[in-house]
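*Asks:* The following block contains the structure, expressed as structure tokens.
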Amino acid sequence: MVEAQNGERSILVAGGGMSGLSAALEAAEAGFQVFIVEKEPYLGGRVTRMNKYFPKLCPPNCGLEINFRRIKNNPRIRFFTMTEVEKIEGEAGNFDVTLKASPRYVNEKCTGCGACAEAATTEIANPFNYGLDTVKAVYLPHEFAFPMRYVLAPEVLGTEEADKIKAACPYDAIDLDMQPSTFDLKVGAIVWATGWEPYDAGKIAYYGFDKHKNVISNVMMERLASYNGPTGGKIVRLSDNGEVKKIAFVQCAGSRDENHLPYCSGVCCLASLKQTTYLLEQNPDAQATIFYIDIRALGKYEDFFTKVQADERVTLIKGKAGEISEDPETGKVTVLVEDQASGKILKDQFELVVLATGMVPESASHPVPADVAYDEHGFILAGRPGGGIIGAGCARKPVDVATSVQDATAAALKAIQATFRR
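The numbering used here numbers the first residue of the sequence shown as 49 and each following residue consecutively.
This is the structure we're talking about:
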């Protein structure tokens with residue numbers, strides 16, 4: 049059993065994305081011992097895979113670097129990567145939590161030198177880039193990873209290659225005998241900030257995501273535009289790495305649809321508006337078309353929408369896209385849509401089509417192992433006052449980064465209050 053030091057009251061934060069980090073830092077800087085549990089091998093969540101924030105269009109590493117520095121400098125925070133919450137028992141003020149840690153096969157001696165990767169030959173799909181490229185079987189999750197430590201893929205265990213990788217490390221950081229392990233934490237409250245997953249675009253059969261190479265999702269587009277992405281930031285057609293001159297964004301891909309996600313995720317419109325600027329900055333002669341039902345750009349984001357809309361290279365068409373097809377010879381993608389303004393059926397070709405898929409709460413597929421209430425979509429509902437398990441960020445509802453940080457601050461305060469219920 050791991051307990052808070054010196055008898056301090058403690059809080060567990062499940063999820064190391066922006067909402068989780070924010071809740072953890074707020075609670076720790078208020079004087080509480082905090083444990084962060086993250087299933088990925090790095091902290092930062094999906095924000096680490098973004099190219100830029102809207103509306104300022106600045107890189108996410110700016111904000112993440114500040115948070116990582118705050119974590120390093122705060123002795124009240126401990127974090128566990130590649131770890132998940134397996135069981136929760138007890139009540140507010142007195143929870144016993146069982147955690148399960150998956151083996152990284154690389155220990156804390158790792159300096160991030162990369163000698164192990166040089167010895168590897170096997171390549172695997174790169175999870176950080178949604179499988180758009182490959183990495184060596186021992187890899188750094190991404191260049192800004194925190195902690196800055198390599199991961200060895202289990203695919204090479206028991207092979208001569210694994211032995212070569214181990215021998216190549218000058219610091220004896222490769223541990224091929226690591227096993228899954230479980231351990232317990234005793235905490236007073238739990239913040240559940242496990243975030244979201246992109247809706248599976250393959251479920252929308254008429255868009256052909258699984259069979260058309262040049263039909264991608266919005267999260268994939270974010271990686272294509274990133275300098276540390278699979279193409280070095282160059283937005284290209286996946287079929288042949290060709291130039292993209294015409295791009296289409298299909299809004300509400302699976303959202304506001306009773307057959308898929310009946311709700312609006314709120315951020316998809318802004319994400320597509322932002323992503324149009326990525327291409328237009330790279331290729332001033334390019335054109336972007338956005339097919340939409342309604343544009344959701346409220347409050348402070350309206351100016352950003354107005355700016356993008358005013359660009360003569362951007363066309364907005366009110367209409368939900370129908371079937372999408374791809375020419376097997378040219379790779380060009382055809383989008384069919386009814387223009388609600390004119391009543392005409394439009395049919396146009398593009399080099400690349402981006403599906404704006406919505407947010408699905410991680411808690412829908414991996415629920416909290418405790419008595420927690422959810423809505424019909426899997427988002428965590430506010431529990432009874434003093435319940436001790438508090439949802440935060442996109443675990444509660446679809447929100448943008450700024451809103452998730454604000455929500456995490458509120459969750460941290462509720463968690464602090466709950467720790468006193470003993």
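Glycine included, each C-beta is placed from N, C-alpha and C at the ideal position.
Measure the alpha-carbon distance for Leu147 versus Tyr349 and round it to whole angstroms.
*Replies:* In a straight line, the C-alpha of Leu147 is about 40 Å away from that of Tyr349.
*Asks:* Going by the CB atoms, is the gap between Ala459 and Ala71 shorter than 9 Å?
*Replies:* Yes, the Cβ-Cβ distance between Ala71 and Ala459 is below 9 Å.
*Asks:* Anyone know if the C-beta pair for Val402 and Phe297 falls short of 9 Å?
*Replies:* The answer is yes: Cβ separation under 9 Å.
*Asks:* Go ahead and pull the three-state DSSP assignment for Asn142.
*Replies:* Three-state result, Asn142: strand.
*Asks:* What residues in its chain sit with their C-beta under 6 Å from that of Ala52, if we drop five residues either side in the sequence?
*Replies:* Because Ala52 carries a pLDDT of 45, less than 50, the predicted location of this residue cannot be relied on, and the following value inherits that uncertainty. These residues qualify, in order along the chain: Ser58, Gln81.
*Asks:* Just confirm the distance between the C-beta atoms of Met98 and Ser452, as a whole number of angstroms; I'd bet it's less than 8 Å.
*Replies:* At roughly 13 Å, the Cβ-Cβ gap does not stay under 8 Å, so Met98 and Ser452 are not in contact.
*Asks:* Nearest by alpha-carbon distance to Phe210: which of Ile136, Leu328, Leu309, Thr169 is it?
*Replies:* Sequence inspection shows Ala at residue 210; the Phe mentioned does not correspond to that position. Minimum Cα distance to Ala210 is reached at Thr169.
*Asks:* Is DSSP giving Arg197 helix, strand or coil here?
*Replies:* In the structure shown, Arg197 sits in coil (DSSP, three-state: anything other than H, G, I, E or B).
*Asks:* In terms of residue numbering, what span does the alpha helix (DSSP H) encompassing Ile114 cover?
*Replies:* 109–120 is the span of the alpha helix (DSSP H), which, as asked, contains Ile114.
*Asks:* Can you give me the start and stop residues for the beta strand (DSSP E) that Phe353 sits inside?
*Replies:* Looking at the DSSP string, Phe353 is not in any beta strand (DSSP E); the run it does join, the alpha helix (DSSP H), is 350–357.
*Asks:* Please list, in chain order, all residues of the same chain as Val154 whose beta carbon is under 8 Å from its beta carbon, the five residues on each side excluded.
*Replies:* These residues qualify, in order along the chain: Cys164, Val186, Arg197, Tyr198, Val199, Leu200, Ala221, Ile222, Asp223.
*Asks:* Count the other CB atoms, across all protein chains shown, that sit within 10 Å of the CB of Leu112; report buried if there are 16 or more and exposed otherwise.
*Replies:* Classification for Leu112: buried.
*Asks:* Rounded to whole angstroms, what is the Cα-Cα separation between Glu291 and Gly436?
*Replies:* The alpha-carbon atoms of Glu291 and Gly436 are separated by roughly 53 Å.
*Asks:* How about Gly367 and Ile343: are their beta carbons less than 9 Å apart?
*Replies:* No, they are not a contact pair.
*Asks:* May I have the straight-line CA-CA distance separating Cys158 from Tyr178, to the nearest angstrom?
*Replies:* C-alpha separation (whole angstroms): 25 Å.
*Asks:* Flag this pair as yes or no: are the beta carbons of Ser472 and Ala149 separated by less than 9 Å?
*Replies:* Residue 472 falls outside the range modelled here, since the chain spans only 49 to 470, and no answer is possible.
*Asks:* Measure the beta-carbon distance from Leu91 to Leu69 and round it to whole angstroms, keeping in mind my assumption that it falls under 8 Å.
*Replies:* Between Leu69 and Leu91 the Cβ distance is about 7 Å, and since that is below 8 Å, they are a contact.
*Asks:* Go to Tyr255, then tell me how far its beta strand (DSSP E) extends in each direction, as first and last residue.
*Replies:* Segment: none, Tyr255 is in no beta strand (DSSP E) and carries neither H nor E.
*Asks:* Counting along the chain, where does the beta strand (DSSP E) carrying Tyr340 start and finish?
*Replies:* Note, Tyr340: beta strand (DSSP E), 335–340.
*Asks:* Please classify Gly55 as buried or exposed, where buried requires at least 16 neighbouring CB atoms within 10 angstroms.
*Replies:* Note on Gly55: pLDDT 37, under 50, position unreliable in the model; no value is reported.
*Asks:* Find the nearest neighbour of Arg285 within the set Ala301, Tyr275, Gln299, Met268, judged by alpha-carbon distance.
*Replies:* Checking every option, the nearest Cα to that of Arg285 belongs to Met268.
*Asks:* Could you name the residues that DSSP lists as bridge partners for Gly486?
*Replies:* Nothing about residue 486 can be reported from this structure: the residues present for the chain run from 49 to 470 only.
*Asks:* Would you kindly report the start and end of the unbroken alpha helix (DSSP H) that includes Glu166?
*Replies:* Per DSSP, Glu166 belongs to the alpha helix (DSSP H) from 163–167.
*Asks:* Ordered along the chain, which non-local residues of its own chain (more than five positions away) have a Cβ less than 7 Å from that of Glu203?
*Replies:* Closer than 7 Å at the Cβ level, and outside the excluded window around Glu203, lie Thr170, Ile172, Ala185.
*Asks:* According to the neighbour-count rule (16 or more other Cβ atoms, all chains shown, within 10 Å of its Cβ), is Gly399 buried or exposed?
*Replies:* In the sequence on display, residue 399 carries Glu and not Gly. Label assigned to Glu399: buried.
*Asks:* Determine the DSSP secondary structure at Pro246, reduced to helix, strand or coil.
*Replies:* Here Pro246 sits in strand by DSSP.
*Asks:* Starting from Gln397, follow its DSSP beta bridges and name the residues at the other end.
*Replies:* DSSP output for Gln397 lists Thr382 as bridge partner(s).
*Asks:* Using 8 Å as the Cβ pair cut-off and three pairs as the minimum, do the segment 331–341 and the segment 112–125 touch?
*Replies:* Too few Cβ pairs lie closer than 8 Å, so no.
*Asks:* Give every residue of the same chain whose Cβ lies closer than 6 Å to the Cβ of Ala440, excluding the five residues on either side of it in the sequence, and list them in chain order.
*Replies:* Hits under 6 Å: Ser67, Ala71, Val239, Ala241, Asp455, Ala456, Ala459.
*Asks:* Take Thr182 and list the residues in its own chain whose beta-carbon comes closer than 7 Å to its own, dropping the five residues that flank it on each side.
*Replies:* So the list reads Glu171, Ile172, Ala173, Asn174, once near-sequence residues are dropped.
*Asks:* Compute the Euclidean distance between the alpha carbons of Val383 and Lys293, then round it to the nearest angstrom.
*Replies:* Distance between the alpha carbons of Val383 and Lys293 is about 15 Å.
*Asks:* Mind checking Tyr275: buried by the 16 CB within 10 Å criterion, or exposed?
*Replies:* By the neighbour-count rule (16 or more Cβ atoms within 10 Å), Tyr275 is not buried but exposed.
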